[in-house]
Amino acid sequence: MKNTQDTNQKRRQFLQKGAAVTAIAVAPGVMLHTAAKAKPVGEAVTDAVRWGMLVDAAKCADGCDACVQACNEENGLNLLQKPHDAEDEMWDQQIPKWIRNVKVKDNLTGHVTSLPMMCQHCEHPPCVDVCPTTASFRRADGIVMVDRHLCIGCRYCMMACPYKARSFVHEVVEHKLTRTPRGKGCVESCNFCVHRLDNGQTTTACQDACAKDGHNAITFGDLNNPDSEVSKALKEQSSTQIRADLKLNTGVRYRGV
Amino acid sequence: MMKKIYFREWGLESRNYWMLLAVLAAVAGIGGLAALYMEHHGHWVTGMSNQIVWGTPHVFAIFLIVAASGALNVASIGSVFNKTIYKPLAPLSALLAIALLLGGLLVLVLDLGRPDRLIVAMTTYNFKSIFAWNIILYNGFFVIVGFYLWTVMDRKMKCYYKPAGVTAFIWRLVLTTGTGSIFGFLVARQGFDAAIMAPWFIVMSFGFGLAIYMLVLMDVFKRDQRPLGDAIMKKLKGLLAVFVAANLMFMVTFHLTNLYGTENHAFEAFILLNGGIYTAMFWIGQVLIGGLLPLAILFHPTLSLSRGWLTAAAVMVVVGGWMTIYVIVIGGQAFPMALFPSKTILESGFYDGVNGMASSYTPSVPEVLLGLGGVAVALVVTVIGIRMLKILPLSLADEVADPHAGI
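Note that the protein sequences, when read in sequence, are chains C and V. Heads up: the first sequence runs through residues 2 to 258, numbered per the working numbering. Heads up: the second sequence runs through residues 804 to 1210, numbered per the working numbering.
Rendered as structure tokens:
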């Protein structure tokens, strides 16, 4: 009888200790997971967030280049100066462009659409697959970008990108912004204004410019958050991915294309 | 009974040797200066842009790298397939393979945006990238072919000869597969995305490498007045003809496969009909100079007996081969990517093939000089190699080479 009581006592103690150890082990994971949703500045990004964008081409005004200008200013692309001997047309083909306006016509219906094109921030980015040095990488929060310390300037990512979204820095860079460092001989592309996001902001320069001009063609936000504006907009109406046939699951979606 | 074959250093008269070396070194030096110029100013001084991102240096580099693995084939036929007549040809074959790869890689590295970061490429690998694998394959090629050359030249290493030969042969096949796959894996570009790229590059390497091998062999033997019999040349000639024909077959297969799918018709029309310089280079360079003309010479009953015509045929294979790579690499980029299938791009701020227009590219002088510099480096290494080492047989006259042995 005594033996049975002892055994029960030991079992109880074992279970208590086990529960305590488990709680200690699991608690930080749960706590950190909760904290990651509201990432403080300086903390590593997690996949709790996936940044994404919806472009409503129907709202994109023909002839408007507010998003392009805003991107150029935000990311210091307007600071790049044409070398004295460079020809205008050639230079225009060599200067980095992170976002550009494209006007397309449907071959059958003749319907014309204007839209901005930039890095589509794929879930399975071909540029990341082909990069020999891991310079081209995808952050946990879905942003595809280039580590400028690892890029050797081989341009294989530019060959692989189905959206022609990447640019090579063809010239010596004399003026640049602290938030967007760049140097001759590396590849770069749209990074969803990552410096803003990492400092607690939640909008991109192109989106702000578009809204300021009253078009509101660009909606940006967290695709993982069902309550975000972009998620709601995507859920409400159908949207498309450019070159959806490649199954890259892009972070940029379009409506009206 | 086969006569014993002696290998001796290249006996070119000292003055001529140094003159030759000086000329080659000067071309290599000019190539180096061209690279420095492009590196100093940035790529805006070249014809390359954000549309045509790989230009003439890549054409030279890929041609040399592909030819390098092909140049090794002569040795492989002897060491792997036991064809005795090819065995005396092996040392030059291995040396040329190393030299061509070195020249090609130099051009490739010096055309990087950041050649100073080569150490990053050597130490930080993304193993999903075929480019990263190629870095390993290229480095391994130097080591393996270098070791193979040692086993060929040093009696004490004889026991390793066969395994080294087989390893080198397999390695070179994998290497060219890797080079072809650089293009085969580019899913978004219609000019490249094809599994046939890998075997096609292997077949191309057979032809380009052998043509260069024959040119070097004939030239260095003639300069040193060493006998080079018709038996050997007849073998090499026949082999070259087969490789050129196979290259044509792969080319036809590639385009026919593309033509089967309607989505690729515009690309095929661009290369075959209305692509301007690319169409001209395809028909005149790839088909005529690189294929039909050398085939006609190599199969001609009398012309193919002349060393002059053989040289012409080999030169044509090289020139046509270079143009083949040009059409594939630059033509493939010039054709606009299908960003919006079933739609026409009317306007674009980034030259996205407006109204189906191709991207323009004009090679700049420094790009060409860098490429020629790479060729010169390959030849400098070859010339120094045959001068310092016992690479070349004293004679390849018919009675020495013995065409009937081991066949």
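Every residue gets a Cβ at the ideal spot worked out from N, C-alpha and C, and that includes glycine.
Worksheet item: Rounded to a whole number of angstroms, what is the C-alpha to C-alpha distance between C:Ala59 and C:Ala218?
Response: 8 Å
Worksheet item: How would you list, in chain order, the residues of chain C whose beta-carbon sits under 7 Å from the beta-carbon of V:Ser1151?
Response: Scanning chain C for C-beta atoms nearer than 7 Å to the C-beta of V:Ser1151 yields Arg101, Val103, reported in chain order.
Worksheet item: Per DSSP, C:Asp107 forms a beta bridge with which residues?
Response: V:Lys1146
Discussion item. Quick check: the Cα distance between V:Ile1212 and C:Glu74, rounded to an integer number of angstroms?
Written reply: Because chain V is modelled from 804 through 1210, residue 1212 of chain V falls outside the range shown and cannot be assessed.
Worksheet item: If V:Ile865 and V:Ile1128 are in contact, beta carbons under 8 Å, what's the gap, nearest whole angstrom?
Response: The Cβ separation is near 5 Å, so the contact holds.
Practice prompt. Can you tell me which of C:Gly201, C:Glu172, C:Pro127, C:Val174 puts its alpha carbon nearest to the alpha carbon of C:Lys248?
Written response: C:Pro127
Worksheet item: Measuring CA to CA, which of C:Arg51, C:Arg254, C:Asp142, C:Phe169 is closest to C:Arg244?
Response: Of C:Arg51, C:Arg254, C:Asp142, C:Phe169, the residue nearest in Cα terms is C:Arg254.
Discussion item. Within a Cβ cutoff of 7 Å, which residues of the same chain sit near C:Cys211, ignoring the five residues on either side of it in sequence?
Written reply: Here the set comprises Ala67, Cys68, Asn217, Ala218, Ile219.
Worksheet item: In chain order, what residues of the segment 139–155 of chain C put their CB closer than 9 Å to some CB of chain V?
Response: Within the segment 139–155 of chain C, the residues whose Cβ lies closer than 9 Å to any Cβ of chain V are, in chain order, His150, Leu151, Cys152, Ile153, Gly154, Cys155.
Item to complete: Quick one: grab the DSSP three-state call for V:Gly873.
Response: helix
Worksheet item: Is the shortest distance between the beta-carbon of C:Asn108 and the beta-carbons of chain V less than 9 Å?
Response: For C:Asn108, the answer is yes, since a Cβ of chain V falls inside 9 Å of its Cβ.
Worksheet item: So V:Pro966 is in the beta strand (DSSP E); what residue range does that whole segment cover?
Response: First-last for V:Pro966: 964–987, but that is the alpha helix (DSSP H), not the beta strand (DSSP E).
Worksheet entry | Closer than 9 Å to chain C by CB, V:Thr1147 | yes
Item to complete: Please list, in chain order, all residues of the same chain as V:Val990 whose beta carbon is under 8 Å from its beta carbon, the five residues on each side excluded.
Response: Asp996
Item to complete: Take the Cβ of V:Tyr793 as the centre, count every other Cβ of all protein chains shown within 10 Å, and call the residue buried at 16 or more, exposed below.
Response: The structure shown does not extend to residue 793 of chain V, since chain V is modelled only from 804 through 1210, so no value can be given for it.
Worksheet item: Does C:His171 come within less than 9 Å of chain V when only Cβ atoms are used?
Response: yes
Practice prompt. Can you give me, in chain order, the residues of the segment 121–140 of chain C that have a beta carbon less than 7 Å from any beta carbon in chain V?
Written response: Pro127, Asp130, Val131, Cys132, Pro133, Thr134, Thr135
Discussion item. If contacts are defined as beta-carbon pairs under 8 Å, then V:Gly845 and C:His125 qualify, I think. What distance do you get, rounded to the angstrom?
Written reply: With 8 Å as the limit, V:Gly845 and C:His125 do not qualify as a contact, their Cβ atoms being about 32 Å apart.
Worksheet item: When the Cα of C:Cys207 is compared with those of C:Asp199, C:Asn200, C:Cys194, C:Gly201, which residue comes out closest?
Response: C:Cys194
Discussion item. Give the list of continuous alpha helix (DSSP H) stretches no shorter than 4 residues that lie fully inside the segment 125–195 of chain C.
Written reply: 127–131, 157–161
Worksheet item: By the criterion of Cβ-Cβ separation under 9 Å, what are the contact partners of C:Pro182 in chain V?
Response: Within chain V, no residue comes near C:Pro182; the closest Cβ sits about 14 Å away, beyond 9 Å.
Item to complete: Counting only the same chain and skipping the five closest in sequence on each side, list residues whose C-beta sits under 7 Å from that of C:His176.
Response: Leu80
Worksheet item: Name the chain V residues whose beta carbon is nearer than 9 Å to that of C:Pro84?
Response: Correct list: His844, Gly845, Trp847, Val848.
Worksheet entry | Three-way DSSP call (helix, strand, coil) for V:Leu1195 in this model | strand
Worksheet entry | chain C within 9 Å of V:Trp857, Cβ atoms only | The Cβ of V:Trp857 sits closer than 9 Å to at least one Cβ of chain C.
Worksheet entry | C-alpha distance - C:Asn1 paired with C:Met146, whole-angstrom precision | The structure shown does not extend to residue 1 of chain C, since chain C is modelled only from 2 through 258, so no value can be given for it.
Worksheet item: Among V:Ser1162, V:Thr859, V:Val1090, V:Met851, which has the Cα closest to the Cα of V:Gly1124?
Response: V:Val1090
Item to complete: Please say whether V:Ser852 and V:Ser879 have beta carbons closer to each other than 9 Å?
Response: no
Worksheet item: Helix, strand or coil for V:Met841 per DSSP?
Response: helix
Practice prompt. List the residues of chain V that C:Ser168 touches, going by C-beta distances under 8 Å, in chain order.
Written response: Asn853
Item to complete: For V:Asp957, count neighbouring C-beta atoms within 10 Å of its own C-beta (all shown protein chains included) and say buried if the count is 16 or more, exposed if not.
Response: exposed
Worksheet item: Does any C-beta atom of chain V lie closer than 9 Å to the C-beta of C:Met32?
Response: Low local confidence applies: a pLDDT of 48 at C:Met32 is under 50, so the model's placement there is unreliable, and no value is given.
Practice prompt. Would you verify that the beta carbon of C:Val46 is, or is not, closer than 9 Å to some beta carbon of chain V?
Written response: no
Worksheet entry | Strand pairing of C:Asp57, partner residues [DSSP] | Beta-bridge pairing links C:Asp57 to C:Arg256.
Discussion item. Please list, in chain order, the residues of the segment 51–62 of chain C that have any C-beta partner in chain V closer than 7 Å.
Written reply: none
Discussion item. For the alpha helix (DSSP H) containing V:Leu904, name the first residue and the last one.
Written reply: Unbroken alpha helix (DSSP H) run through V:Leu904: 893–913.
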